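Protein chains: 2
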Amino acid sequence: MKIGELAHRSGLTPSRIRFYERIGLLKAVDRKANGYRSYPAEAVTILGLIALAQGAGFSLDEIRGLLPADLEHWEHDALVGALTRKVADIETLQARLTRSKAHLLQVIDEIEARPDDIDCATNARRVLTRLLGEDAEMPVASLRAKQF
Amino acid sequence: MKIGELAHRSGLTPSRIRFYERIGLLKAVDRKANGYRSYPAEAVTILGLIALAQGAGFSLDEIRGLLPADLEHWEHDALVGALTRKVADIETLQARLTRSKAHLLQVIDEIEARPDDIDCATNARRVLTRLLGEDAEMPVASLRAKQF
DNA sequence: CCTGACATTCAAGTTAACTTTAAGGTCAAG
DNA sequence: CTTGACCTTAAAGTTAACTTGAATGTCAGG
């Protein structure tokens, strides 16, 4: 299988597949006489697995550390450990998101539920003062992504 | 107030404050005769607000579009709209994280609960086949962050 | 008057995960 | 024998949000 077909079958681009090879995520593959890469059927599975792991929140570096040379021989303990840590990471992030959401809803409420006897400027000051009194959180990259 | 003191009081670095000015997030500030920036007390509030908004998931671009020239005169509708959209974004991300977590836990279980009459390689094939049959998710940047 | 802690600018570097560009080889079909 | 769809490489560009570096200026204290 040439790289174009592998790209088609895995849903990745050829440049991405070559990139993965360059950074050592994919081991160097056989070449035909003309220099073209020639992939075994298993490559589709490997690429699918990489995409899957990425979707679950693993970086390419992490994936490289976990992906075995042979798809049938995994380092169970390292793998289960990494999966377990990722679950914990997700839980941490979920807790943050829950707090962020509650904060945002509170601000929306404070803006919309302003009593008639308080003018906008005063209400703005009030909200600002309360907001800046609480401890701040660090940015969460994924919330700024155009698409997720 | 010079930039060093503002940095100290806001918890940001001077370079970051200058950077915010350069990209138009902070309007150009008064200068002393020697060229040093001279900030009003309000600047601490503005920077605190920017950091807060970042923590809630807003990009600097988004923040620039929402921050008013005068902290007491906000564009209520645009602001409430943006806050509401951000809440929706958070909910979308939370749903994804919940699915990811469930997937990870299922994989952990399939690895650990392998029946004694099935060998590792067979179990690996079984898990892989099931995994790659499901529809994949796109990467979530925040799960790969070193710190969050 | 000198030293050290500040301040200034502009340009370039950082990170991750790719894509794009440029310049060129291969090959089947018409 | 030419066209177009592939393939190759290496290097540079992309994005966001900063930081770092280089070269230089300012100023208060001893």
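Residue numbers (full-length UniProt numbering), protein chains in the order written: chain H, 1 to 148; chain B, 1 to 148.
All residues carry an ideal CB built from backbone N, CA and C; glycine is no exception.
Everything numeric in this text was worked out from a predicted model, so none of it was measured.
DSSP places B:T13 outside any alpha helix (DSSP H), giving it a letter other than H or E.
Distance from the CA of H:R18 to the CA of B:G35, rounded to the nearest whole angstrom, comes to 51 Å. Secondary structure at B:R22: helix, using DSSP grouped into helix, strand and coil.
Interface with chain H (8 Å Cβ-Cβ cutoff): B:I50 is excluded.
Within a 10 Å sphere around the beta-carbon of H:I90 sit 16 or more other beta-carbons, which makes this residue buried. Residues E137 and V140 of the same chain have their beta carbon placed closer than 7 Å to that of H:R96, with the five preceding and five following residues left out of the count.
Relative to the Cα of B:Q106, the nearest Cα in the group H:D119, H:T92, H:T84 and H:R99 belongs to H:T84. For H:R31, the beta-bridge partners assigned by DSSP are H:R37.
Taking a beta-carbon distance threshold of 8 Å, H:S142 counts as an interface residue toward chain B.
A straight line joining the alpha-carbon of H:P68 with that of H:S59 spans about 16 Å.
Taking 8 Å as the cut-off, the beta carbon of H:E112 is found closer than this to the beta carbon of B:V80. Think of a sphere of 8 Å around the beta carbon of B:G65: no beta carbon from chain H falls inside it, the nearest being about 13 Å out.
DSSP places H:S100 inside the alpha helix (DSSP H), whose first and last residues are H76 to E112. B:P115 does not reach chain H, its nearest Cβ partner there being about 15 Å away, counting only Cβ pairs nearer than 9 Å. H:Q106 has a beta carbon lying at 8 Å or more from every beta carbon in chain B.
Around H:D89, the beta-carbon contacts reaching into chain B at under 7 Å are L143. Listed in chain order, the non-local C-beta contacts of H:L26 below 6 Å within the same chain comprise Y20, local neighbours out to five positions each way being set aside. For a cut-off of 8 Å, the C-beta gap from H:E62 to H:A41 is around 26 Å, too long to register as a contact.
Below the 7 Å Cβ cutoff, chain B contributes R144 as neighbours of H:S59, in chain order. Within the same chain, Cβ atoms closer than 8 Å to the Cβ of H:K86 are found at A56, G57 and F58, the five residues on either side in sequence being excluded.
The beta carbon of H:T122 sits closer than 6 Å to none of the beta carbons in its chain outside the five residues before and after it. For B:M1, the nearest beta carbon of chain H is not closer than 8 Å to its own beta carbon. Residue nearest to B:V127 within the set B:D116, B:H103 and B:R144 is B:H103 (criterion: CA-CA distance). When the Cα atoms are used, H:T98 and B:A124 turn out to be separated by approximately 35 Å. By the criterion of a C-beta distance shorter than 7 Å, B:T13 is surrounded in its chain by A7, once the five residues flanking it on both sides are discounted. In the structure shown, B:R144 adopts coil according to DSSP, grouped into three states.
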